[in-house]
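Colleague: Below are the structure tokens for one structure; questions will follow.
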Ligand SMILES: Cc1ncc(COP(=O)(O)O)c(C=O)c1O
């Protein structure tokens, strides 16, 4: 007997293939390729002042299509349709009396449902989408002041010739394992290196450090996600006249850095105050991090105008 799907006790709604549902009503087939093989892609977009920022949405859709090219996944929906369905899910979320906060919107796109087996001929449906909308859990101001305590874990970031990190696939098991490794050692989250010891990125965020006023972040070819927040920060640094380099470095550079920060759609710009037990700078967000975070927020206000 179906007991209903257990869902987290948060107010979430789902747009499942165009049907707007309460989260506990949303069900996906066990023959979905996402479930069987992690054979899916995803994007996370958030709202500000209750709406999506058009340029953000465009960047996320562009990356979804880039991910699809990298994993040979044919997206059967049009870009316009997926944006429209995200908007419908958001409107439904806002129509619920609980939805007073900004929204986190996760678009999951599966290769489809089919028989067990890798062959595309096993597929019985077009690509399938599910859009989960729930209140966004951004870090509080206290969390920003405390900053993140990160572990550079032993687990490597996927090699670009394996599951290319440039592809935002639904297969995040390597990152989940990195996160567990860091948490088991008492850290908030993990940073991963490649097999040669070069720092790549965090489990769900890109990383920057500041040394003598110069900003540095790993380059895309090291094998990272082309983070949309990372791109924004690179642009803002240029506008602010902060010299910025994209170059390979090993973990020790972070230990000696004046500042380190993480970037991502939900975290935005968040200070890292400890790496592997080494205190970074004064142990609280540094001046460049604060300046960049303020510029990021000012830029959002500009986009919302
Ligand atoms: C592995 C990884 N790196 C970086 C990011 C940050 O990307 P964005 O700024 O586009 O959210 C994410 C976001 O989920 C991620 O999963």
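Residue numbers (the working numbering): 192 to 496.
For glycine and all other residues, C-beta sits at the position ideal for the given N, C-alpha and C.
From a predicted model like this one, the values you see are computed outputs, not experimental measurements.
Residue 391 lies in the alpha helix (DSSP H); which residues open and close that run?
Modeller: Unbroken run through residue 391 is the beta strand (DSSP E), 390-393; no alpha helix (DSSP H).
Colleague: Between the region 257-273 and the region 224-236, can you find at least three pairs of beta-carbon atoms closer than 8 Å?
Modeller: As far as the Cβ criterion goes, the region 224-236 touches the region 257-273, which means the pair count is three or higher.
Colleague: Nearest to residue 296 by CA position, among 279, 311, 303, is which residue?
Modeller: Checking every option, the nearest Cα to that of residue 296 belongs to 279.
Colleague: Which of the three DSSP states is assigned to residue 397 in this structure?
Modeller: Correct three-state label for residue 397: strand.
Colleague: Just to confirm the assignment, what range does the alpha helix (DSSP H) spanning residue 240 have?
Modeller: No alpha helix (DSSP H) contains residue 240, which DSSP labels as neither H nor E.
Colleague: Name the residue from 214, 208, 306 whose alpha carbon lies nearest to the alpha carbon of residue 277.
Modeller: It is 208.
Colleague: DSSP on residue 361, reduced to helix/strand/coil?
Modeller: Three-state result, residue 361: coil.
Colleague: Are there three or more Cβ pairs, one per stretch, closer than 8 Å when the region 360-372 is compared with the region 222-231?
Modeller: Touching, yes, given that three or more Cβ pairs across the two stretches are closer than 8 Å.
Colleague: Which same chain residues end up closer than 6 Å to residue 484 when comparing Cβ atoms and leaving out the 5 residues on each side of it in sequence?
Modeller: Taken in chain order, the residues that qualify are 460.
Colleague: Can you round the beta-carbon distance between residue 453 and residue 398 to whole angstroms, since I take them to be within the 8 Å contact cut?
Modeller: Yes, they are in contact, since the Cβ atoms of residue 453 and residue 398 sit about 6 Å apart, within 8 Å.
Colleague: Rounded to whole angstroms, what's the CA-CA distance from residue 217 to residue 382? Just pull it up for me.
Modeller: Taking the straight line from one Cα to the other gives about 33 Å.
Colleague: Here's the rule I'm using: 16 or more other beta-carbon atoms within 10 Å means buried, otherwise exposed. How should residue 378 be labelled?
Modeller: Buried, since its Cβ has 16 or more Cβ neighbours within 10 Å.
Colleague: What I want to know is whether the C-beta of residue 235 ends up closer than 7 Å to one or more non-hydrogen atoms of ligand 1.
Modeller: Yes; taking the cut-off as 7 Å, the Cβ of residue 235 has a heavy atom of ligand 1 nearer than that.
Colleague: Which residues mark the beginning and the end of the beta strand (DSSP E) in which residue 323 is found?
Modeller: Per DSSP, residue 323 belongs to the beta strand (DSSP E) from 319-326.
Colleague: Per DSSP, what kind of secondary structure is residue 299 in: helix, strand or coil?
Modeller: Note: residue 299 maps to strand in three-state DSSP.
Colleague: From the DSSP output, read off the bridge partner residues of residue 405.
Modeller: Paired residues: 402.
Colleague: So if DSSP puts residue 461 in a beta bridge, which residue, or which two residues, is it bridged to?
Modeller: The partner list for residue 461 (beta bridge, DSSP) reads 453.
Colleague: How would you call residue 318, buried or exposed, if buried means at least 16 neighbouring beta carbons within 10 angstroms?
Modeller: Counting Cβ neighbours within 10 Å, residue 318 comes out buried, since at least 16 surround it.
Colleague: Could you confirm whether any beta carbon from chain D is found closer than 8 Å to the beta carbon of residue 468?
Modeller: Any reference to chain D falls outside this structure, which holds one protein chain only.
Colleague: Quick check on the DSSP output: what are the complete alpha helix (DSSP H) runs of length 4 or more inside the region 261-287, in order along the chain?
Modeller: The region 261-287 contains these whole alpha helix (DSSP H) runs: 270-286.
Colleague: So does residue 421 have its beta carbon nearer than 7 Å to some heavy atom of ligand 1?
Modeller: Checking every heavy atom of ligand 1 against the Cβ of residue 421, one is found closer than 7 Å.
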